[in-house]
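Our numbering applies: residue 66 is where the sequence shown begins, and numbers increase by one. Note that CB positions come from ideal geometry on N, CA and C, so glycine has one too.
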Amino acid sequence: MRHDTPYTIEKLVAAFSYLTMGMAGFIWLIIGLFTKAGLRPFLQYHIFQSIFISLAFAVLSILIGWVSNLLSIIPFINKVVAQITFLLNMPLIFDYSLLQTVIYVFLIYLAITSLMGKYSYIPWVSDIIDQNISR
């Protein structure tokens with residue numbers, strides 16, 4: 066169980082790390098490396114989780130693109146793939162697609178929980194991050 070209360074700057078860096086898809090956290094890691102400052106577990110957890118999520122999102126996007134391109138070659142399946150792609154990417158809410166809206170709501174949830182000083186839990190991802198951070 067974690068009992069340390071995070072500082073305000075740690076909460077802000079953790080939230081910005083989620084909102085910038087890991088870039089703010091990555092920059093904070095580089096600054097910490099040059100100043101030889103260690104990261105506290107709260108910040109380490111959220112930075113690594115945000116970087117892991119952004120890398121997983123990039124890999125998943127590439128894989129889905131490849132699968133969609135492969136399926137678009139098959140005569141009858143290409144129409145279904147085109148419809149699904151259109152429905153997921155058409156502008157829906159404030160010119161954001163359904164997929165973008167779900168991703169942004171998820172990232173805002175993670176940012177808000179980190180601003181509250183809590184450890185957000187994402188199945189499988191949080192378990193991996195929790196096992197690998199130093200306490």
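Can you have a look at Glu-75 and say buried or exposed, based on whether 16 or more other CB atoms are within 10 angstroms of its CB? The residue you call residue 75 lines up with position 10 of the sequence shown. Buried: at least 16 other Cβ atoms inside 10 Å.
Determine the DSSP secondary structure at Leu-157, reduced to helix, strand or coil. As a working mapping, residue 157 is identified with position 92 in the sequence shown. Strand, per DSSP.
List the whole-angstrom C-beta distance separating Tyr-184 from Tyr-83, where the pair is believed to meet the contact cut-off of C-beta under 8 Å. Locating residue 184 in the sequence shown gives position 119, counting from the first residue. Locating residue 83 in the sequence shown gives position 18, counting from the first residue. With 8 Å as the limit, Tyr-184 and Tyr-83 do not qualify as a contact, their Cβ atoms being about 13 Å apart.
Same chain only: Cβ atoms within 8 Å of Ile-112, ignoring 5 sequence neighbours per side: For the purposes of this step, residue 112 is taken as residue 47 along the sequence shown, with counting starting at 1. Within the same chain, and ignoring the five residues on either side of Ile-112 in sequence, the residues whose Cβ sits closer than 8 Å to its Cβ are Val-78, Ala-79, Ser-82, Gly-87, Gly-90, Phe-91, Trp-93, Leu-94, Leu-104.
Assigned exposure category for Ala-102 - 16 Cβ within 10 Å defines buried: Here residue 102 corresponds to residue number 37 of the sequence shown, with the count starting at 1. Classification of Ala-102: exposed, given that the 10 Å Cβ count is below 16.
Nearest-angstrom beta carbon gap, Val-124 and Ser-137 [assumed within contact, 8 Å]: The sequence position of residue 137 within the sequence shown is 72, counting from 1. The sequence position of residue 124 within the sequence shown is 59, counting from 1. Not really, about 20 Å apart at Cβ, beyond 8 Å.
Do you know how far the Cα of Leu-164 is from the Cα of Glu-170? For this step, residue 170 is matched to residue 105 along the sequence shown. For this step, residue 164 is matched to residue 99 along the sequence shown. Glu is not the amino acid found at residue 170; the sequence shown has Val there. About 10 Å.
Any chance you could list the alpha helix (DSSP H) runs of at least 4 consecutive residues sitting entirely within the segment 70-158, in chain order? Counting whole runs of 4 or more residues, the segment 70-158 contains the alpha helix (DSSP H) stretches 73-84, 88-100, 106-136, 142-154.
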